[in-house]
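Same order as they appear, the protein sequences are chains A and B. Be aware that the first sequence starts at 1, since it is given in this note's numbering, and climbs by one per residue. Be aware that the second sequence starts at 478, since it is given in this note's numbering, and climbs by one per residue. By construction, the Cβ of each residue, glycine as well, lies at the ideal position given by its N, Cα and C atoms. Since this is a predicted model, take the numbers as computed values, not measurements.
Protein chains: 2
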Amino acid sequence: MTRSEQFSHTSFQAALVSLSLDRASALPLHQQLTEALRDLVLSGRAPAGARLPSSRQLAQELSVSRVTTLTALEQLVAEGYLETRRGAGTFVAHDLPRAAPAVGAPADLPAPQPPQPYAPLSPAIPDLAGFPHADWARHLERAWRAPEPGLLARPDPLGWPPLRAAIAAHLEGWRGLRCAPAQVIITSGASESFDLIARALFAPGDTVAIEDPAFPPMRHALTRAGLALHPLRVDAEGLPVDALPARMRGAVVTPSRSYPLGTTLPLPRRLALLDHAARAGAWVIEDDYDSEFRYTGQPLPALASLDHAGRVIYVGSFSKTLSPALRLGYMVAPPRALPLLQQAIAAAGPRASLVPQPALAAFMAQGGFATHLRRMRRLYAERQRALIHALAPLADLLQVAPDPAGMHLVCPLTPACPLGDHDIARRAARAGLGLRALSAYFDGPEAPQGLVLGYAGFNADTLRDAAATLAAILRHP
Amino acid sequence: MTRSEQFSHTSFQAALVSLSLDRASALPLHQQLTEALRDLVLSGRAPAGARLPSSRQLAQELSVSRVTTLTALEQLVAEGYLETRRGAGTFVAHDLPRAAPAVGAPADLPAPQPPQPYAPLSPAIPDLAGFPHADWARHLERAWRAPEPGLLARPDPLGWPPLRAAIAAHLEGWRGLRCAPAQVIITSGASESFDLIARALFAPGDTVAIEDPAFPPMRHALTRAGLALHPLRVDAEGLPVDALPARMRGAVVTPSRSYPLGTTLPLPRRLALLDHAARAGAWVIEDDYDSEFRYTGQPLPALASLDHAGRVIYVGSFSKTLSPALRLGYMVAPPRALPLLQQAIAAAGPRASLVPQPALAAFMAQGGFATHLRRMRRLYAERQRALIHALAPLADLLQVAPDPAGMHLVCPLTPACPLGDHDIARRAARAGLGLRALSAYFDGPEAPQGLVLGYAGFNADTLRDAAATLAAILRHP
Numbered sequence: 001m002t003r004s005e006q007f008s009h010t011s012f013q014a015a016l017v018s019l020s021l022d023r024a025s026a027l028p029l030h031q032q033l034t035e036a037l038r039d040l041v042l043s044g045r046a047p048a049g050a051r052l053p054s055s056r057q058l059a060q061e062l063s064v065s066r067v068t069t070l071t072a073l074e075q076l077v078a079e080g081y082l083e084t085r086r087g088a089g090t091f092v093a094h095d096l097p098r099a100a101p102a103v104g105a106p107a108d109l110p111a112p113q114p115p116q117p118y119a120p121l122s123p124a125i126p127d128l129a130g131f132p133h134a135d136w137a138r139h140l141e142r143a144w145r146a147p148e149p150g151l152l153a154r155p156d157p158l159g160w161p162p163l164r165a166a167i168a169a170h171l172e173g174w175r176g177l178r179c180a181p182a183q184v185i186i187t188s189g190a191s192e193s194f195d196l197i198a199r200a201l202f203a204p205g206d207t208v209a210i211e212d213p214a215f216p217p218m219r220h221a222l223t224r225a226g227l228a229l230h231p232l233r234v235d236a237e238g239l240p241v242d243a244l245p246a247r248m249r250g251a252v253v254t255p256s257r258s259y260p261l262g263t264t265l266p267l268p269r270r271l272a273l274l275d276h277a278a279r280a281g282a283w284v285i286e287d288d289y290d291s292e293f294r295y296t297g298q299p300l301p302a303l304a305s306l307d308h309a310g311r312v313i314y315v316g317s318f319s320k321t322l323s324p325a326l327r328l329g330y331m332v333a334p335p336r337a338l339p340l341l342q343q344a345i346a347a348a349g350p351r352a353s354l355v356p357q358p359a360l361a362a363f364m365a366q367g368g369f370a371t372h373l374r375r376m377r378r379l380y381a382e383r384q385r386a387l388i389h390a391l392a393p394l395a396d397l398l399q400v401a402p403d404p405a406g407m408h409l410v411c412p413l414t415p416a417c418p419l420g421d422h423d424i425a426r427r428a429a430r431a432g433l434g435l436r437a438l439s440a441y442f443d444g445p446e447a448p449q450g451l452v453l454g455y456a457g458f459n460a461d462t463l464r465d466a467a468a469t470l471a472a473i474l475r476h477p
Numbered sequence: 478m479t480r481s482e483q484f485s486h487t488s489f490q491a492a493l494v495s496l497s498l499d500r501a502s503a504l505p506l507h508q509q510l511t512e513a514l515r516d517l518v519l520s521g522r523a524p525a526g527a528r529l530p531s532s533r534q535l536a537q538e539l540s541v542s543r544v545t546t547l548t549a550l551e552q553l554v555a556e557g558y559l560e561t562r563r564g565a566g567t568f569v570a571h572d573l574p575r576a577a578p579a580v581g582a583p584a585d586l587p588a589p590q591p592p593q594p595y596a597p598l599s600p601a602i603p604d605l606a607g608f609p610h611a612d613w614a615r616h617l618e619r620a621w622r623a624p625e626p627g628l629l630a631r632p633d634p635l636g637w638p639p640l641r642a643a644i645a646a647h648l649e650g651w652r653g654l655r656c657a658p659a660q661v662i663i664t665s666g667a668s669e670s671f672d673l674i675a676r677a678l679f680a681p682g683d684t685v686a687i688e689d690p691a692f693p694p695m696r697h698a699l700t701r702a703g704l705a706l707h708p709l710r711v712d713a714e715g716l717p718v719d720a721l722p723a724r725m726r727g728a729v730v731t732p733s734r735s736y737p738l739g740t741t742l743p744l745p746r747r748l749a750l751l752d753h754a755a756r757a758g759a760w761v762i763e764d765d766y767d768s769e770f771r772y773t774g775q776p777l778p779a780l781a782s783l784d785h786a787g788r789v790i791y792v793g794s795f796s797k798t799l800s801p802a803l804r805l806g807y808m809v810a811p812p813r814a815l816p817l818l819q820q821a822i823a824a825a826g827p828r829a830s831l832v833p834q835p836a837l838a839a840f841m842a843q844g845g846f847a848t849h850l851r852r853m854r855r856l857y858a859e860r861q862r863a864l865i866h867a868l869a870p871l872a873d874l875l876q877v878a879p880d881p882a883g884m885h886l887v888c889p890l891t892p893a894c895p896l897g898d899h900d901i902a903r904r905a906a907r908a909g910l911g912l913r914a915l916s917a918y919f920d921g922p923e924a925p926q927g928l929v930l931g932y933a934g935f936n937a938d939t940l941r942d943a944a945a946t947l948a949a950i951l952r953h954p
């Protein structure tokens, strides 16, 4: 026995004797003893090979019953921390780590910070203060206080049926899209929808046309799935349908408002797109991301409403109409795509929580959602005007024009602007602004320079201050 | 004009005149007219090239103002359904589909069925009637009625910080695992955790050892990610650690209870596994799926609590401890894996809804979760006894033995059993039972024959009836 081993043994005996068990604790004594002994082993104070007192001795020293010490020792033998040698007693097992530092020093990790407010001018953020919290909390409470039997049953992986029906009704009224509730699939948002579509309807290597510019996370989801993306630069009327590849297996489009530019795909192009898809046997994914918010004129009905060949999958979300915190989105699939999507969901397991679904179904069925959308539409129209007003002094650097719809403005840089859009976005981020560089949405060369400025989630004061900060960046680079 | 075209035109004029607008509707008249005319075009009753009455004539015929008809006609021209020819009037546009059958005949799709109760003997189903609904509904209502600012801010993609702290505290008390809240990542369940781990920590083609048998959805998630799985048949002590491939990049293990057999990996194998992983630079994924439910003896602390090299990712879930409807799970990652997992979540977008997170954090912090677990532990122990009792008459066909933990029994078939386990599972499914064939969990050859019988989610009466149904299947095949 080396000196340090001897010291260890002494320290072990001392530790053993000084073990204190809490008789007032709810934890049984044998369990307390098991844990204390295990700690001694794992902390290295009980070195490998050290002999333990017998269960009888230990019971005497600790003033507990022998059942308590026997139970604890047997448990630790079963766990492998201790070993018995016939006739010789109980020993700390070999093959144990000598010292047990805390796992990766977790104590050094700072606690997670409370979430920070969205940075002003971040696009795609709804007004969260205007969310009807009291209503929503009441719907949550009612749905779950004494849940109806279906909520405690095996969840339908496609979503809570009343919510699917409520979404079908919403789409008919707001997007001119008639569909059966059975065609509506609830997901945890557009990202999951894209993941599922990529996996269910395509094989790696399939050619899928997308718009350029496009929503970067959508591009990432399809790339991750191994699809061969074929970006087509949008023109003044949106996706150049004539340029669609003949052998495409799919196309992802934003016909209501090309993202982020806001161009509406006119009817002849819509029909040509559907025709091309039908002939190619391709799927068309319609990403209808913010068309509930149209301020002047009427929206064209969803592309899916023109789909007589059953090739369009419509993708929607509550992230922009209600809150990104819900993590609820949906797809409307033609009957022939339903079994494929259903299979993909069953294989991966559903992601959408059931908790908000009955509350949202009731909120929609009772008209709360439509009322909220109309309120937000008025509010966002005002906020767009406020932002345009606040940007007026920058007219020499930014082209600012009203947009009949949406939650953000796209403002091209004028030739007089002293900075590129990436540079502006970087400086703006440092100044606490969430605006984006327009060119970041583009894939191909010669991306136009501009700023994407979200206004929906920010009140007039915040927008005015943000515009002033932006002015300072542009005027004094 | 052919006869059928003439008929169409006549029918169109008739349809136009008989258009009825609802003056009591909340929808403005011009919008009603727009929709009615669009329907006529899309349904084919207004054939391409058909001339419309002038806005003045239409206004007279429908007894509405001319502003109404002008607005509607202009909208439809803008949408491309109608076209004007200078001096000649307004016509239904060409390039429109002649007939517009309903999209994939949605009306033919039956409405989604209400979710059905879980089939008796389904494994991994908790007691949902025993879920503390009133408490839970109150927590939901409180959290969202007047949400604290952090709930309306940019959500942390790793989860609501108070929930991460509550999970860290739970793991220390229940699983002997000390970790910092910053190491806890909230997901929508174990499936998403496996997806993220596969993407964040491995590259396609990486060798990952898994147990055989194993949880099939886990196997699917890793296969989908392109990993090269290396299944190792478990023996009486669980994973044969000596057989781990030298070049493995990872291993997915169930050390607390090998799935579905329930074997506990003894300490020497745990240490050897960690040692092997550290030398191979591999990640160890610990799937700790139901260890809160131990009825006799004490659980070994989580494998992750022994991990001094920072190589273990601990995967847990609330699907079995509370409800699969929550869609909430978590990972505990060593500091070096955190940035990789964080990046993967940011790229794919988070899936876990924020709605249940503050309610669950409060439920855990106030002790409701621990109380619930203790109640369920007592209940499940009783139910296991009830199932064993109910299966006693089948002792010649099924080996039934108590299990010190878990939510299901694994019962090997005796040589006298007249049917194979797949055959039994098929017949049982037809009879409304949710039991599983043991061999279905195996990947390699010579899978043992047996039944996996879930008891946690079903009361004693249901278990008795289910055992009787099973007896009928086995006795009179």
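>> Any beta carbon of chain B sitting closer than 8 Å to that of LEU201 of chain A?
In response: Not one beta carbon of chain B lies nearer than 8 Å to the beta carbon of LEU201 of chain A.
> What residue does the alpha helix (DSSP H) around VAL67 of chain A start on, and which one ends it?
Replying inline: 66-79 is the extent of the alpha helix (DSSP H) around VAL67 of chain A.
> Short check: CB of SER956 of chain B to CB of ARG734 of chain B, under 8 Å?
Replying inline: Past the edges of chain B, shown from 478 to 954, lies residue 956 of chain B, and the structure says nothing about it.
> By Cβ distance, which residues of its chain are closer than 6 Å to ALA620 of chain B, with the 5 residues on each side in sequence left out?
Replying inline: So the qualifying residues of the chain are PRO835 and ALA836.
> Does the Cβ of SER782 of chain B have 16 or more other Cβ atoms within 10 Å, making it buried, or fewer, making it exposed?
Replying inline: With 16 or more Cβ atoms within 10 Å of its Cβ, SER782 of chain B is classed as buried.
> From the DSSP output, which residues share a beta bridge with PHE568 of chain B?
Replying inline: In the DSSP output, where bridge partners are listed per residue, PHE568 of chain B has B:ARG528 and B:GLU560.
> If you draw a straight line from the alpha carbon of PRO695 of chain B to that of TYR314 of chain A, how long is it in whole angstroms?
Replying inline: Pro is not the amino acid found at residue 695 of chain B; the sequence shown has Met there. Rounded to whole angstroms, the separation of the alpha carbons of TYR314 of chain A and MET695 of chain B is 30 Å.
> At a Cβ threshold of 8 Å, is TYR295 of chain A touching chain B?
Replying inline: So, not an interface residue.
> Shortest alpha-carbon distance to MET407 of chain A belongs to which of A:ASP421, A:ASN459, A:ALA447 and A:MET364?
Replying inline: Checking every option, the nearest Cα to that of MET407 of chain A belongs to A:ASN459.
>> For TYR330 of chain A, list the residues DSSP reports as bridge partners.
In response: When beta bridges are read from the DSSP output, TYR330 of chain A appears opposite A:ILE186 and A:GLY316.
> How about SER317 of chain A: is its C-beta nearer than 8 Å to some C-beta of chain B?
Replying inline: Under the Cβ criterion of 8 Å, SER317 of chain A is not counted among the residues facing chain B.
> Distance, Cα to Cα, ALA346 of chain A vs PRO157 of chain A?
Replying inline: Rounded to the nearest angstrom, the two C-alpha atoms are 7 Å apart.
> What are the partner residues of ASP712 of chain B, as DSSP defines its beta bridges?
Replying inline: Under the DSSP definition of a beta bridge, ASP712 of chain B partners with B:GLY715.
> How is ARG771 of chain B classed by DSSP in three states: helix, strand or coil?
Replying inline: DSSP places ARG771 of chain B in strand when its eight states are reduced to three.
> Between the segment 564-571 of chain B and the segment 517-533 of chain B, do at least 3 Cβ pairs fall closer than 8 Å?
Replying inline: Contact between the segment 564-571 of chain B and the segment 517-533 of chain B is established, with three or more Cβ pairs separated by less than 8 Å.
> SER188 of chain A: buried (16+ other C-beta within 10 angstroms of its C-beta) or exposed?
Replying inline: Buried, by the Cβ-count rule.
>> If we define contact as Cβ-Cβ less than 8 Å, is GLU79 of chain A a contact residue for chain B?
In response: Interface with chain B (8 Å Cβ-Cβ cutoff): GLU79 of chain A is included.
> Can you tell me whether DSSP reads ARG436 of chain A as helix, strand or coil?
Replying inline: Three-state result, ARG436 of chain A: strand.
> What are the complete alpha helix (DSSP H) segments, minimum 4 residues, inside the segment 357-441 of chain A?
Replying inline: The segment 357-441 of chain A contains these whole alpha helix (DSSP H) runs: 368-391 and 421-430.
> In chain A, which residues lie less than 7 Å from GLU669 of chain B when you measure between Cβ atoms?
Replying inline: Within 7 Å Cβ-Cβ: ARG351.
>> Can you give me the C-alpha to C-alpha distance between LEU871 of chain B and GLY897 of chain B, rounded to a whole angstrom?
In response: LEU871 of chain B and GLY897 of chain B: Cα-Cα distance of roughly 15 Å.
>> Using the Cβ count rule (16 or more neighbours within 10 Å means buried), how would you classify GLY457 of chain A?
In response: Only buried fits GLY457 of chain A, as 16 or more other CB atoms lie within 10 angstroms of its CB.
> Going by beta carbon distance, what residues of the same chain come within less than 8 Å of PRO812 of chain B, once the five residues before and after it are set aside?
Replying inline: Here the set comprises GLN660 and GLY787.
> Near PRO245 of chain A, what residues of its chain come up, given a Cβ to Cβ distance below 8 Å and the 5 sequence neighbours on each side ignored?
Replying inline: Only residues of its own chain outside the window of five on either side were considered, and among them THR207, ALA209 and HIS230 have a CB closer than 8 Å to the CB of PRO245 of chain A, listed in chain order.
>> Distance cutoff 8 Å, beta carbons only. Does VAL355 of chain A sit that close to anything in chain B?
In response: Taking Cβ atoms only, chain B reaches closer than 8 Å to VAL355 of chain A, which makes this a yes.
> Excluding the five sequence neighbours on either side, which residues of its own chain have a C-beta within less than 8 Å of the C-beta of ALA236 of chain A, listed in chain order?
Replying inline: In the same chain as ALA236 of chain A, and ignoring 5 residues on each side of it, the C-beta atoms closer than 8 Å to its own belong to THR263, in chain order.
> Exposed or buried, THR546 of chain B, counting other C-beta atoms within 10 Å across all chains shown (16 or more means buried)?
Replying inline: Buried is the call here.
>> Please classify ASP765 of chain B as buried or exposed, where buried requires at least 16 other C-beta atoms within 10 Å of its C-beta.
In response: Residue environment analysis places ASP765 of chain B among the buried positions, since at least 16 neighbouring C-beta atoms fall within 10 angstroms of its C-beta.
>> Can you list, in chain order, the residues of its chain with a C-beta nearer than 6 Å to that of LEU617 of chain B? Leave out the 5 residues immediately preceding and following it.
In response: The answer, listed in chain order, is ALA836.
> Nearest to ASP689 of chain B by CA position, among B:ALA720, B:ALA749, B:ARG756 and B:GLY826, is which residue?
Replying inline: Closest by alpha carbon: B:ALA720.
>> Three Cβ pairs or more, each shorter than 8 Å: is that satisfied between the segment 116-136 of chain A and the segment 622-630 of chain B?
In response: With a cut-off of 8 Å, the segment 622-630 of chain B and the segment 116-136 of chain A count as touching, because enough Cβ pairs lie within range.
> In three-state DSSP terms, what is ALA686 of chain B?
Replying inline: Shown here, ALA686 of chain B sits in a strand according to DSSP, grouped into three states.
> Does the Cβ of ALA964 of chain B have 16 or more other Cβ atoms within 10 Å, making it buried, or fewer, making it exposed?
Replying inline: Because chain B here runs from 478 to 954, residue 964 of chain B falls outside it and cannot be looked at.
> Given a threshold of 16 other Cβ atoms within 10 Å of its Cβ, counted over all protein chains shown, does ARG38 of chain A qualify as buried or as exposed?
Replying inline: It counts as buried.
> Is THR511 of chain B buried or exposed, if buried means 16 or more other CB atoms sit within 10 Å of its CB?
Replying inline: When all chains shown are included, THR511 of chain B counts as buried.
> From ALA577 of chain B to GLU551 of chain B, what distance separates their C-alpha atoms?
Replying inline: Since pLDDT at ALA577 of chain B reaches only 41, below the 50 mark, its modelled position is unreliable, and the value read off the structure follows with that caveat. In this structure, the straight-line span from the alpha carbon of ALA577 of chain B to that of GLU551 of chain B is close to 22 Å.
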